[in-house]
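Below is one structure, written out as structure tokens; the observations come after it.
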Amino acid sequence: MTTVYRIEIDRSLCSGFGACVDEAGDAFRLENGIAVAVASSTDPRVLAAADACPMGAITIIEEQVEEAA
Amino acid sequence: MRADPTFWLIARASGLTAYVLLTASVLAGLVLKSRPFRGLRPAAVADTHRFLALLGLGAIALHGATLLLDGTVHLTPVALIAPGASPYRRLPVGLGVLAAELMVLVYVSFALRRAIGTRNWRRLHWATYAIFAAATAHGLAAGTDTPQPWAFAIYLGAIGSVAAAAAWRSFAPPLTQPRRTAR
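Going line by line, the protein sequences match chains A and B.
In terms of the working numbering, the first sequence opens at residue 104 and continues consecutively.
In terms of the working numbering, the second sequence opens at residue 209 and continues consecutively.
Here is the structure:
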């Protein structure tokens, strides 16, 4: 089993602060001043990114995925 | 003839006003972080947090300027900039100067967060607790109104509310706890 972190960003809350990009630059980027998730990630730094968001705009959904045989 | 007390009165009032505004800004920051009132929009809370800090800095500027203009405690411009340079109540006044300078630094850091990195910005923001503690000690020990029950009540209320909000922040579950699903 692999843990995959699916990222949801509430665009109505995001202020474009950029803390998520600093914490996990591979998973987030800023587009027109609003954070977008690049993709689901296996990198636990996305949890730190969600915690660092001053607006609480990021939800992480932790999924257990069977690895391909 | 008795000296005009206007500047002295404004200096005392603006000092207490700055302290109340700093307290309110700290509380707004803690409300933003731990979200105890789900109905409040985070963007509005963030704006309020910054605006209260800016108003607080304005009150601090008025506090310093009127202390310079008033002759009661004979402060020099150097004593308003260098912590510990005031012969009058050296340590408490120095703590006030230090708190004000740190508060300017924290406020300005918001605009510089891209340059310094948001991680460093967050580390610097922890200084707010030290600023609040220094401002409290400054007010209690240097403020001539401290023995008055109403002034003491302001300090007690501020300490109690910030301690309660900080405890809430520490013990409340994080906002973005991961949800778990399996597939």
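Beta carbons are placed, not taken as given, at the ideal position from N, Cα and C, and that holds for glycine.
field: Straight-line Cα distance separating G351 of chain B from D278 of chain B
entry: 15 angstroms
- prompt: From the beta carbon of R377 of chain B, is the nearest beta carbon of chain A less than 9 angstroms away?
  reply: no
query: Could you give the uninterrupted runs of the alpha helix (DSSP H) lying entirely in the segment 257-299 of chain B, keeping only those of 4 residues or more?
result: 285-289
Within chain A, partners of A308 of chain B - CB distance below 7 angstroms: Those within 7 angstroms of A308 of chain B in chain A number zero; the least Cβ separation is about 24 angstroms.
query: With a CB to CB cut of under 7 angstroms and the five nearest residues on each side skipped, what residues in its chain are close to T326 of chain B?
result: none
field: T214 of chain B - containing beta strand (DSSP E), residue span
entry: Premise fails: T214 of chain B lies in the alpha helix (DSSP H), T214 to S242, not in any beta strand (DSSP E).
message: Out of B:P355, B:V370, B:A375 and B:T231, which one is the CA nearest neighbour of L262 of chain B?
response: B:T231
field: Chain-ordered neighbours of L240 of chain B on chain A, where CB pairs are closer than 9 angstroms
entry: P157, M158 and G159
query: CA-CA distance, A151 of chain A and I289 of chain B?
result: 38 angstroms
query: In chain B, what lies closer than 8 angstroms to D129 of chain A by C-beta?
result: The premise fails here: D129 of chain A is roughly 16 angstroms from chain B at the closest Cβ pair, so nothing lies under 8 angstroms.
field: Cβ pair count under 8 angstroms reaching 3, the segment 266-285 of chain B against the segment 219-237 of chain B
entry: yes
field: Test: A254 of chain B CB closer than 9 angstroms to a CB of chain A
entry: yes
query: Is the segment 298-313 of chain B close to the segment 338-355 of chain B, with three or more CB pairs under 8 angstroms?
result: yes
field: Residue environment, L238 of chain B, which counts as buried when at least 16 other CB atoms sit within 10 Å
entry: buried
- request: Give the interface partners of R251 of chain B over in chain A, defined as CB-CB distance under 8 angstroms, in chain order.
  value: Here the sequence assigns Ala to residue 251 of chain B, which means Arg is not the residue at that position. Those within 8 angstroms of A251 of chain B in chain A are L116, S118 and M158.
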